[in-house]
Amino acid sequence: MSISTSAPRKLRRSAFFSFFFASVLAVGGVVLSTAAVRAEDTHEVEISIKDHKFDPPKLTLPVGKPIKILVKNLDATPEEFESYELGFEKIIPGNSSATIRVKPLKPGTYMFFGEFHQDTALGHVVVE
Ligand SMILES: [Cu+2]
17 MSISTSAPRK LRRSAFFSFF FASVLAVGGV VLSTAAVRAE DTHEVEISIK
67 DHKFDPPKLT LPVGKPIKIL VKNLDATPEE FESYELGFEK IIPGNSSATI
117 RVKPLKPGTY MFFGEFHQDT ALGHVVVE
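Each residue of the sequence shown is one higher than the one before, starting from 17 at the first, in this note's numbering.
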């Protein structure tokens, strides 16, 4: 009696766990592939700060793609990388770097600057 009732119960349980783990794997796979597509779609650029100037002072970026900017401050003093139009502001200590993420952009020209040296640290982004 006890054998005949416990066997189907075990079967049902193992069927449930198979379904559960298959679902977890399926959802995990979708999440991973979505993240991979996003990473692939991101446009990455580099810019340096040297002698309180941007190099290059002009960045050309694609329309409608997430942007990742790696900013290297090669000066010994800190700089604040900032843009009202692109919506970021980040202090980068001397001799270090930072990553700025910008949402997909519409075509146009966007100014950026180094707030601590606004007389020389000026640049712009052209999105086309
Ligand atoms: Cu600021």
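Just so it is clear, CB atoms sit at the ideal spot from N, CA and C, and this is done for glycine as well. Small disclaimer: the values here were computed from a predicted structure and weren't measured.
Item	Value
Within a Cβ cutoff of 6 Å, which residues of the same chain sit near Gly-80, ignoring the five residues on either side of it in sequence?	Pro-120
Please report the distance separating the alpha-carbon of Pro-109 from that of Glu-144.	31 Å
In chain order, which beta strand (DSSP E) runs of at least 3 residues are fully inside the segment 88-128?	95-99, 104-108 and 112-118
Determine the DSSP secondary structure at Asp-57, reduced to helix, strand or coil.	helix
Which residue wins for smallest C-alpha separation from Phe-97, given the options Leu-77, Thr-125 and Gln-134?	Gln-134
Can you check whether the CB of Glu-101 is closer than 8 Å to the CB of Leu-86?	no
Between Leu-90 and the rest of its own chain, which residues show a CB-CB distance below 8 Å, the 5 nearest in sequence each way excluded?	Ser-64, Ile-65, Lys-66 and Asn-111
DSSP three-state call for His-133: helix, strand or coil?	helix
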